[in-house]
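One structure is given here, and the rest of the page talks about it.
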Amino acid sequence: MSDLPSPAKPNPSASHPEADYPLSELTELRNLVIGPDLKERFDNARIRSEDVSRVLPEALDLTLQDKDQPLPKVIVPTVEKAIKSSVSTDQNILSEALFPIMGPAIRKAIAAAIQNLIDSLNQSLEHSLSAQSLSWRFEAWRTGKSFAEVLLLRTLVYQVEQVFLIHKVSGLVLHHLTAATATAQDADLVSAMFTAIQDFVKDSFSISNDALGSLQVGELTIWVNEGPQAFIACVIRGNPPGSLRQAMENALERIHLLYEVQLHEFQGENSAFETCQPYLEQCLQSQYQGKEKRSPFLKWIGGAAGILLLGWGTWMVLSLSESRQVENFSQQLNQQPGIVVLQTQKQNGKYTISGLRDPLAIPPQELVAKTDLDPDKLDFEWEPYLSFDSELVESRVKALLQPPQTVILHIDVNGVLQMSGSAPQTWINQAKTLALRLPNITQVDTQQVVPIERQALAALTHKIESTAIFFTQNAQLVPQQNGTLKTLALDLIALLQKGTTLGQRITVQVEGHTDATGAELINLYIRETRAEAVISLLVKQGIDPRVLQTVSVEPPPATSSGSSQPILANRKVTFKVIAVHPSTGTP
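Those letters in the sequence shown? Residues 0 to 586, by numbering that gives the first Met the number 0.
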């Protein structure tokens with residue numbers, strides 16, 4: 000830097016005494032006055048910040064005490080931005096800070112809500128089920144009023160239905176509350192009415208300082224508490240106590256204390272007074288009539304009467320339920336085949352069911368076991384009868400005929416007993432006779448029943464006709480044929496027995512065979528001789544000779560091969576069974 004003094008700046012004020020001094024002299028004078036320490040304090044921002052931090056808390060305290068200071072409004076955006084920045088950076092910081100407060104607050108709110116719900120439920124049950132509530136409902140029906148109006152009239156001591164906070168100078172509503180059970184009116188209209196009435200009273204009666212304290216409008220009472228800048232008006236139904244007036248005064252004083260600036264500067268915008276709702280809610284009071292205390296003696300009598308009434312009612316309900324069960328059981332019993340219920344009576348705590356019953360019908364005790372009825376409380380008196388119900392008729396037929404498992408019975412609508420399957424012939428003959436003795440059986444059809452003997456007869460016939468007795472070249476039996484003859488004799492005996500059972504005449508043709516070699520007369524003689532030889536042996540085995548006939552069968556023509564096998568096969572005796580009915584002559 001140059002040691003030369005800087006040129007002096009022009010000063011418009013020529014009369015100033017320092018205008019003639021050189022600039023260097025002024026700078027030197029300033030350095031002497033301030034000194035190097037003060038100069039460093041002014042130039043160092045950190046030092047200035049430390050100085051401000053020492054006086055900032057006291058300055059903020061003074062600002063908050065002065066309500067005219069705009070500092071709270073100025074710092075609100077800064078605080079909001081700081082909170083948003085903190086949340087966007089780390090949400091846990093704010094949540095951890097609020098957790099100790101929010102937890103108890105939420106629990107307290109939930110507990111209060113549950114308690115209000117329980118109180119409301121208790122009140123609803125009391126007003127719905129008690130004898131007094133029934134009388135009130137009758138009164139509501141008789142007078143044409145709603146039940147809520149009658150309930151309110153009979154149980155309410157007083158209730159503040161609406162609370163108004165009204166600006167005194169302008170007459171505008173600052174805030175307005177309405178009870179949950181009340182109907183809200185236009186707040187501005189009511190406020191204008193209050194103001195008009197007060198002005199009318201002051202003008203009419205020359206009252207300047209005193210305000211209107213109360214007003215009666217039909218069933219409603221209006222209490223007014225007036226302050227310097229605002230007044231509270233409560234619309235009340237019933238007879239309020241003096242404590243309500245004190246609550247109104249306390250709320251009004253608190254509002255004037257906290258909202259003094261807002262009340263002075265009110266220009267029609269009432270949003271600043273929304274936070275005063277908790278103070279106005281203290282005026283939203285109500286009281287209901289308590290229950291009258293009864294003497295212990297009356298309580299005992301009422302309790303005993305209630306117990307007796309409860310016992311009698313329980314007995315009646317159980318008795319009616321039991322009677323209904325017996326009636327339903329009687330109807331179910333009447334629908335059973337073979338049972339006709341004529342009467343159901345109750346005597347000495349027991350029920351007697353009487354009527355008609357087929358012996359083959361289901362026992363009533365089996366049906367009782369399937370219900371909840373006490374078998375000891377049921378007696379039955381039946382007169383026997385025969386039911387023509389198809390199910391019972393079929394049961395009666397089965398009980399009488401006892402058909403084998405191979406037989407199926409069916410009764411049609413015309414009373415025709417139809418049988419199908421297989422059974423012994425003796426049973427079929429007996430069934431035809433016995434079934435016609437039963438009522439409601441008009442005819443017996445056994446065409447679809449195959450006698451077991453006929454099946455056996457057919458099997459024996461096939462076996463006998465498949466048997467052959469072989470001979471040598473003359474009329475001598477082959478040595479191994481004795482066993483075959485014995486078996487044949489037994490089969491013939493069984494065949495004759497089956498034929499007798501079936502009523503058929505059995506004839507067995509004994510057919511003699513020879514080969515085609517030799518003279519025809521000689522072969523005829525040999526065929527007859529062989530057949531008679533077999534008949535003689537069968538008669539010795541016990542076969543009736545009258546059922547055996549000799550038949551000669553011509554041999555088949557000789558083969559050109561000259562083999563001996565066909566010749567040996569033709570030296571035999573075979574059998575043919577003929578069974579006919581003696582009366583018809585047919586098989």
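The beta carbon of each residue, even a glycine, is placed where N, CA and C say it ideally should be.
Values in this document were obtained by computation on a predicted structure and should not be read as measured data.
Quiz item: By DSSP, does CYS282 sit in helix, in strand, or in coil?
Solution: CYS282 falls in the coil class under three-state DSSP.
Quiz item: For the alpha helix (DSSP H) that ALA422 lies in, which residues bound it at each end?
Solution: Under the DSSP assignment, ALA422 falls outside any alpha helix (DSSP H), being part of the beta strand (DSSP E) whose first and last residues are 415 to 422.
Quiz item: Since TYR287 contacts LEU155 with CB under 8 Å, what's their CB separation in whole angstroms?
Solution: Contact holds; Cβ gap of about 6 Å.
Quiz item: Does the pairing of the segment 485 to 495 with the segment 453 to 467 give three or more beta-carbon distances under 8 Å?
Solution: The segment 485 to 495 vs the segment 453 to 467: in contact.
Quiz item: Taking the C-alpha atoms as reference points, what is the distance between ILE505 and ARG545?
Solution: Rounded to whole angstroms, ILE505 to ARG545 spans 10 Å at the Cα level.
Practice problem: Starting from GLY237, follow its DSSP beta bridges and name the residues at the other end. | Solution: In the DSSP assignment, GLY237 forms a beta bridge with TYR157.
Exercise. Go ahead and label GLN161 buried or exposed: buried means 16 or more other beta carbons lie within 10 angstroms of its beta carbon, across all protein chains shown.
Key: Flag for GLN161 reads buried.
Practice problem: Quickly, what does DSSP pair TYR287 with across the bridge? List them, please. | Solution: Under DSSP, TYR287 forms a beta bridge with LEU155.
Quiz prompt | VAL234 versus ILE100 - alpha carbon distance | solution = When rounded, the distance between both Cα atoms is 37 Å.
Practice problem: State the DSSP-derived secondary structure class of GLU268, mapped to helix, strand or coil. | Solution: It is coil, neither helix nor strand.
Self-check item: Paired residues, beta bridge with ASP193 - DSSP
Solution: Just to set this straight, residue 193 is Phe in the shown sequence, not Asp. Paired residues: none, contrary to the question.
Exercise. Tell me whether TYR20 sits in a helix, a strand or coil according to DSSP, three-state version.
Key: Interpretation of TYR20 is limited by its pLDDT of 48, a score under 50 that renders its predicted location unreliable; no figure is taken from the coordinates.
Quiz prompt | Assigned secondary structure, PHE387 (DSSP; H/G/I helix, E/B strand, else coil) | solution = If DSSP states are grouped into helix, strand and coil, PHE387 belongs with coil.
Practice problem: Consult DSSP for ASN224 and reduce its assignment to one of helix, strand or coil. | Solution: DSSP places ASN224 within a strand segment (E or B) once states are collapsed to three.
Quiz item: What does DSSP give as the partner residues of HIS512 in its beta bridges?
Solution: Paired residues: none, contrary to the question.
Quiz prompt | Beta-carbon proximity list for ALA250, same chain, < 7 Å, skipping 5 on both sides | solution = Excluding residues up to 5 positions away in sequence, ILE231, TYR278, LEU279, GLN281 and CYS282 lie with their Cβ nearer than 7 Å to the Cβ of ALA250 in the same chain.
Exercise. Indicate whether the contact test is met: 3 or more Cβ pairs, each with one atom in the segment 391 to 409 and one in the segment 366 to 376, closer than 8 Å.
Key: Flag = no, the segment 391 to 409 and the segment 366 to 376 do not touch.
Exercise. Flag this pair as yes or no: are the beta carbons of ALA578 and GLN508 separated by less than 8 Å?
Key: At a Cβ-Cβ threshold of 8 Å, ALA578 and GLN508 do not count as neighbours.
Self-check item: Pick from ALA179, GLU273, ILE221 and THR180 that is closest to SER190, judged by C-alpha positions
Solution: In this structure, ILE221 is the residue among ALA179, GLU273, ILE221 and THR180 with its C-alpha nearest to the C-alpha of SER190.
Self-check item: Option nearest LEU359 by Cα separation, candidates LEU366, ARG253, ASP60 and PRO383
Solution: LEU359 has its Cα closest to that of PRO383, out of LEU366, ARG253, ASP60 and PRO383.
Exercise. Would you kindly work out how many angstroms separate the C-alpha atoms of TRP314 and GLN324, rounded to a whole number?
Key: Distance between TRP314 and GLN324, taken at the CA atoms: about 15 Å.
Self-check item: the segment 443 to 454 contacting the segment 473 to 482, beta-carbon criterion three pairs below 8 Å
Solution: Between the segment 443 to 454 and the segment 473 to 482 there are fewer than three inter-stretch CB-CB distances shorter than 8 Å, so the stretches are not counted as touching.
Practice problem: Can you grab the Cα-Cα spacing for the pair THR516 / ALA532, in whole Å? | Solution: For THR516 and ALA532, the distance between alpha carbons rounds to 21 Å.
Practice problem: Determine the burial state of ALA422: buried for a count of at least 16 other Cβ atoms within 10 Å of its Cβ, exposed for fewer. | Solution: Buried, because 16 or more other Cβ atoms sit within 10 Å of the Cβ of ALA422.
Self-check item: Sequence-distant residues of its chain with Cβ nearer than 7 Å to MET0 (five each side left out)
Solution: Its pLDDT being 39, under 50, MET0 is placed unreliably in this model, and the coordinates cannot settle the point.
Practice problem: Go ahead and pull the three-state DSSP assignment for LEU487. | Solution: DSSP places LEU487 in helix when its eight states are reduced to three.
Self-check item: alpha helix (DSSP H) segment containing THR460, residue limits
Solution: Start and end: 451 to 464.
Quiz item: Under a three-way DSSP split, which group does SER563 fall into?
Solution: Because the pLDDT at SER563 is just 46, under 50, the model does not fix this residue reliably, and the value given afterwards should be weighed accordingly. Looking at SER563 - three-state DSSP - the assignment turns out to be coil, as it is neither helix nor strand.
Quiz item: Beta-carbon separation of SER52 and TYR157 under 8 Å?
Solution: Cβ atoms of SER52 and TYR157: not closer than 8 Å.
Quiz item: Going by C-alpha distance, which of HIS580, SER322 and ASP357 is nearest TYR350?
Solution: Looking at the Cα atoms, SER322 is the closest of the given residues.
Quiz item: Taking the alpha-carbon positions, what's the PRO554 to GLY511 distance?
Solution: Between PRO554 and GLY511, the alpha-carbon positions lie close to 10 Å from each other.
Quiz item: Around the C-beta of GLN429, are 16 or more other C-beta atoms found within 10 angstroms, so that it is buried, or is it exposed?
Solution: With fewer than 16 other Cβ atoms within 10 Å, it is exposed.
Self-check item: Coil, strand or helix - VAL168 by DSSP
Solution: In this structure, DSSP gives VAL168 a state outside helix and strand, which the three-state scheme calls coil.
Quiz item: Which first and last residues belong to the alpha helix (DSSP H) in which GLN364 is found?
Solution: Here the alpha helix (DSSP H) through GLN364 covers 363 to 367.
Self-check item: Stretch-stretch touch, CB-based, cutoff 8 Å, three pairs: the segment 400 to 408 with the segment 426 to 441
Solution: Using a C-beta cut-off of 8 Å, the segment 400 to 408 makes contact with the segment 426 to 441, since at least three inter-stretch Cβ pairs fall below that distance.
Quiz item: By DSSP, does ASN569 sit in helix, in strand, or in coil?
Solution: Helix, per DSSP.
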